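Asks:
In UniProt numbering, the protein residues as written are 1 to 412.
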């Protein structure tokens with residue numbers, strides 16, 4: 001009787017253990033060597049310095065992107081169709097600084113995740129989602145600039161749902177979510193076990209070379225090739241228009257009609273920039289200056305006709321638009337180069353690390369490339385005023401209202 005009761009108790013104990021493991025917990029995969037939680041290898045002074053730098057990076061990322069969002073809200077001149085994509089980029093970069101970086105700082109300093117498995121999953125989803133959305137936004141900005149410079153006429157007359165920037169902005173977030181987030185949430189359930197040990201926080205596919213290669217191709221290599229293609233075509237288009245303009249400027253005009261045809265052909269080949277739509281006053285000033293200069297010249301003193309006036313107007317507008325397109329191309333090239341510098345080391349190192357199961361890449365080197373991704377989110381807000389006059393004026397309006405009022409009164 002005693003043996004049967006002991007057998008029954010043993011059976012009940014085993015049943016309790018088996019039900020405790022499923023379905024609420026996922027067992028650890030056997031034979032998988034995941035990196036162990038490790039204590040910090042730095043001294044206290046170095047840890048304090050690293051903590052200050054990390055907090056500083058988070059603050060710069062938050063404040064810089066908040067400034068971009070506020071500028072977009074307060075300045076109506078920025079609410080152009082293409083600038084909505086800069087707003088989308090600023091939103092994703094702001095969330096990186098406000099959520100991803102602060103939660104990662106204790107983990108980076110101590111080597112142990114103290115916030116629980118649920119918050120770890122949320123952090124992973126947000127981190128991969130926001131960084132991927134940032135990349136896709138850069139591609140969308142490059143594509144929009146490409147259309148505005150090389151296909152100006154069709155770009156201006158775009159109609160329908162695909163011309164709505166909000167639709168494209170939402171599509172960016174959907175595609176970014178589908179690339180990594182389902183794998184983050186469901187990988188361990190499909191595999192039936194987890195490679196993430198207690199005190200760690202990383203994706204289940206962290207050491208899966210095949211998945212990392214496929215995902216990195218869609219997240220980095222395809223976007224990099226795309227923006228490179230767009231930039232090359234933009235610069236080729238501008239150079240072609242410059243050569244055409246220099247040839248026509250070197251030829252003496254035969255008559256007013258030939259001058260009309262010359263400028264009209266040049267106008268057809270020119271692309272209207274997005275920024276030119278918001279700077280009508282500068283175009284008018286350039287037009288007036290050209291008209292005055294031409295009217296005062298001896299050769300034209302007695303031969304000013306309506307046809308010649310229209311010809312001069314077309315030429316002035318064409319030069320203004322070409323100048324604006326040059327600025328667009330330069331600013332886009334800077335943003336894309338910074339993106340490539342910040343993302344290439346991490347992407348290549350992640351693929352190599354997955355191929356060798358983490359044995360050939362030191363953790364410190366991997367962490368440095370990981371922080372480079374977030375550095376890109378803090379640099380983007382500073383690239384806007386560097387590359388775009390409209391953003392520079394909007395920032396000045398917010399940060400230095402007195403100086404902005406002085407400049408505005410002086411220009412008027």
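Virtual Cβ for every residue (Gly too), placed ideally from N, Cα, C. These figures come from a predicted structure and were not determined experimentally.
For residue 445, which option in 351, 370, 375, 347 has the closest C-alpha, if you only look at C-alpha atoms?
Replies: No answer is possible for residue 445: the residues shown for the chain start at 1 and end at 412.
Asks: In the DSSP assignment, find the alpha helix (DSSP H) that holds residue 188 and state where it starts and stops.
Replies: As a position in the chain shown, residue 188 is number 188, starting the count at 1. Note, residue 188: alpha helix (DSSP H), 165-191.
Asks: I need the boundaries of the alpha helix (DSSP H) containing residue 110, first residue and last residue.
Replies: Taking the first residue of the chain shown as 1, we reach residue 110 at position 110. Residue 110 -> alpha helix (DSSP H) spans 101-110.
Asks: Under the assumption that residue 220 contacts residue 343 (Cβ atoms under 8 angstroms), give the Cβ distance between them as a whole number of angstroms.
Replies: Along the chain shown, read from residue 1 onward, the residue named residue 220 stands at position 220. Along the chain shown, read from residue 1 onward, the residue named residue 343 stands at position 343. Their Cβ separation, rounded to whole angstroms, is 6 angstroms, which keeps residue 220 and residue 343 in contact under 8 angstroms.
Asks: Counting Cβ pairs closer than 8 angstroms, one from the region 80-92 and one from the region 137-150, do we hit at least three?
Replies: Short answer: they touch.
Asks: Return helix, strand or coil for residue 43, following the three-state DSSP convention.
Replies: The residue you call residue 43 lines up with position 43 of the chain shown. Three-state DSSP puts residue 43 in coil, outside helix and strand.
Asks: For my contact list, residue 83 and residue 72 are in at a C-beta cut-off of 8 angstroms; report their separation, rounded to the angstrom.
Replies: Along the chain shown, read from residue 1 onward, the residue named residue 83 stands at position 83. Along the chain shown, read from residue 1 onward, the residue named residue 72 stands at position 72. With a Cβ gap of about 7 angstroms, residue 83 and residue 72 count as contacting.
Asks: Reducing DSSP to helix, strand and coil, say where residue 194 ends up.
Replies: Taking the first residue of the chain shown as position 1, residue 194 is located at position 194. Residue 194 falls in the strand class under three-state DSSP.
Asks: Where does residue 195 land, buried or exposed, given buried means 16+ other C-beta within 10 angstroms?
Replies: Along the chain shown, one-based indexing puts residue 195 at 195. Classification for residue 195: buried.
Asks: Please report how far the alpha carbon of residue 351 lies from the alpha carbon of residue 222, in whole angstroms.
Replies: Numbered from its first residue, the chain shown carries residue 351 at position 351. Numbered from its first residue, the chain shown carries residue 222 at position 222. The alpha-carbon atoms of residue 351 and residue 222 are separated by roughly 15 angstroms.
Asks: Leaving out the 5 sequence neighbours to the left and right, which residues in its chain are closer than 7 angstroms to residue 179 when beta-carbon positions are compared?
Replies: The residue labelled residue 179 in the question sits at position 179 within the chain shown. Closer than 7 angstroms at Cβ, skipping near neighbours: 132, 215, 218, 219.
Asks: Are three or more beta carbon pairs between the region 62-69 and the region 111-118 nearer than 8 angstroms?
Replies: The region 62-69, when compared against the region 111-118, does not touch it at the 8 angstroms Cβ threshold.
Asks: Mapping DSSP to helix, strand and coil, what is residue 113?
Replies: Within the chain shown, residue 113 is the residue found at index 113, counting from 1. DSSP places residue 113 in coil when its eight states are reduced to three.
Asks: Pick from 59, 400, 349, 142: whose alpha carbon is nearest that of residue 378?
Replies: What you label residue 378 is simply residue 378 of the chain shown in a count that begins at 1. Checked all of 59, 400, 349, 142; the closest Cα to residue 378 is 59.
Asks: Applying the criterion that 16 or more other CB atoms from any shown protein chain within 10 Å of the CB defines a buried residue, is residue 204 buried or exposed?
Replies: By 1-based counting over the chain shown, the position of residue 204 is 204. Answer is buried; the Cβ neighbour count reaches 16.
Asks: Hey, how far is the Cα of residue 111 from the Cα of residue 48?
Replies: If you number the chain shown from 1, residue 111 lands on position 111. If you number the chain shown from 1, residue 48 lands on position 48. Taking the straight line from one Cα to the other gives about 15 angstroms.
Asks: Give every residue of the same chain whose Cβ lies closer than 6 angstroms to the Cβ of residue 155, excluding the five residues on either side of it in the sequence, and list them in chain order.
Replies: Translated into positions along the chain shown, residue 155 becomes position 155. These residues qualify, in order along the chain: 147, 148.
Asks: Evaluate residue 230 with the Cβ neighbour count: other Cβ atoms within 10 Å of its Cβ, from every protein chain shown; 16 or more gives buried, anything less gives exposed.
Replies: The residue you call residue 230 lines up with position 230 of the chain shown. With 16 or more Cβ atoms within 10 Å of its Cβ, residue 230 is classed as buried.
Asks: Between which two residues does the alpha helix (DSSP H) carrying residue 78 extend?
Replies: Position 78 of the chain shown, counted from the first residue, corresponds to residue 78. From DSSP, residue 78 is part of no alpha helix (DSSP H); its letter is neither H nor E.
Asks: Look at the alpha carbon of residue 51 and the alpha carbon of residue 105, and state the distance between them as a whole number of angstroms.
Replies: Within the chain shown, residue 51 is the residue found at index 51, counting from 1. Within the chain shown, residue 105 is the residue found at index 105, counting from 1. Roughly 7 angstroms between the two C-alpha positions.
Asks: Got a sec? Which residues, its chain only, sit under 8 angstroms from residue 404 by beta carbon, not counting five neighbours each side?
Replies: Looking up residue 404 in the chain shown gives position 404. Correct list, in chain order: 393, 396, 397.
Asks: Cα-Cα, which of 399, 356, 365 is closest to residue 207?
Replies: Along the chain shown, one-based indexing puts residue 207 at 207. Nearest C-alpha to residue 207: 356.
Asks: Hey, residue 383 and residue 366 are a contact pair by Cβ (cut 8 angstroms); roughly how many whole angstroms apart?
Replies: As a first step, residue 383 must be located in the chain shown, where it is residue number 383. As a first step, residue 366 must be located in the chain shown, where it is residue number 366. About 26 angstroms separates the two Cβ atoms, so there is no contact after all.
Asks: Between the Cα of residue 336 and those of 122, 143, 354, 130, spot the shortest distance and give me the residue it belongs to.
Replies: The residue given as residue 336 occupies position 336 in the chain shown. It is 143 whose Cα lies nearest to the Cα of residue 336.
Asks: Would the beta-carbon of residue 130 fall within 8 angstroms of that of residue 96?
Replies: Locating residue 130 in the chain shown gives position 130, where the first residue counts as 1. Locating residue 96 in the chain shown gives position 96, where the first residue counts as 1. Result yes, Cβ atoms of residue 130 and residue 96 sit closer than 8 angstroms.
Asks: With 16 as the cutoff for other CB atoms within 10 Å, does residue 54 come out buried or exposed?
Replies: In the chain shown, counting from the first residue as 1, residue 54 sits at position 54. Its Cβ being crowded by 16 or more others within 10 Å, residue 54 is buried.
Asks: Check residue 330 in the structure and name its three-state DSSP category.
Replies: In the chain shown, residue 330 corresponds to position 330, counting from 1. DSSP places residue 330 in helix when its eight states are reduced to three.
Asks: Give the DSSP-derived three-state secondary structure of residue 242 in the structure shown.
Replies: Working through the chain shown from its first residue, we reach residue 242 at position 242. Correct three-state label for residue 242: helix.
Asks: From 340, 326, 401, 202, pick the residue whose C-alpha is nearest to that of residue 123; which is it?
Replies: Here residue 123 refers to the residue found at position 123 of the chain shown. Closest option to residue 123, Cα to Cα, is 202.
Asks: Please report the residue range of the alpha helix (DSSP H) in which residue 207 lies.
Replies: Mapped onto the chain shown, residue 207 falls at position 207. It is not in any alpha helix (DSSP H) - residue 207 carries neither H nor E in the DSSP assignment.
Asks: Where do the N-terminal and C-terminal ends of the alpha helix (DSSP H) with residue 399 fall, by residue?
Replies: As a first step, residue 399 is located in the chain shown; it is residue number 399 there, counting from the start. Unbroken alpha helix (DSSP H) run through residue 399: 389-399.
Asks: Quick one, are the C-beta atoms of residue 75 and residue 100 less than 8 angstroms apart?
Replies: One-based indexing of the chain shown puts residue 75 at position 75. One-based indexing of the chain shown puts residue 100 at position 100. Cβ distance not < 8 angstroms, so residue 75 and residue 100 don't count as in contact.
Asks: Figure out for me which residue from 354, 62, 86, 409 has the closest Cα to the Cα of residue 165.
Replies: Position 165 of the chain shown, counted from the first residue, corresponds to residue 165. Nearest option by C-alpha distance: 86.
Asks: Going by DSSP, what residue range makes up the alpha helix (DSSP H) through residue 153?
Replies: Reading the chain shown from its first residue, position 153 is the one you call residue 153. Taken as a continuous stretch (DSSP letters only), the alpha helix (DSSP H) holding residue 153 covers 152-156.
Asks: Beta-carbon within less than 8 angstroms of residue 406's beta-carbon, same chain only, minus the 5 sequence neighbours each way: which residues are those?
Replies: To locate residue 406, count along the chain shown from 1; it is residue 406. Here the set comprises nothing.
Asks: Using the beta-carbon count (16 or more within 10 Å), is residue 171 buried or exposed?
Replies: Reading the chain shown from its first residue, position 171 is the one you call residue 171. Exposed is the call here.
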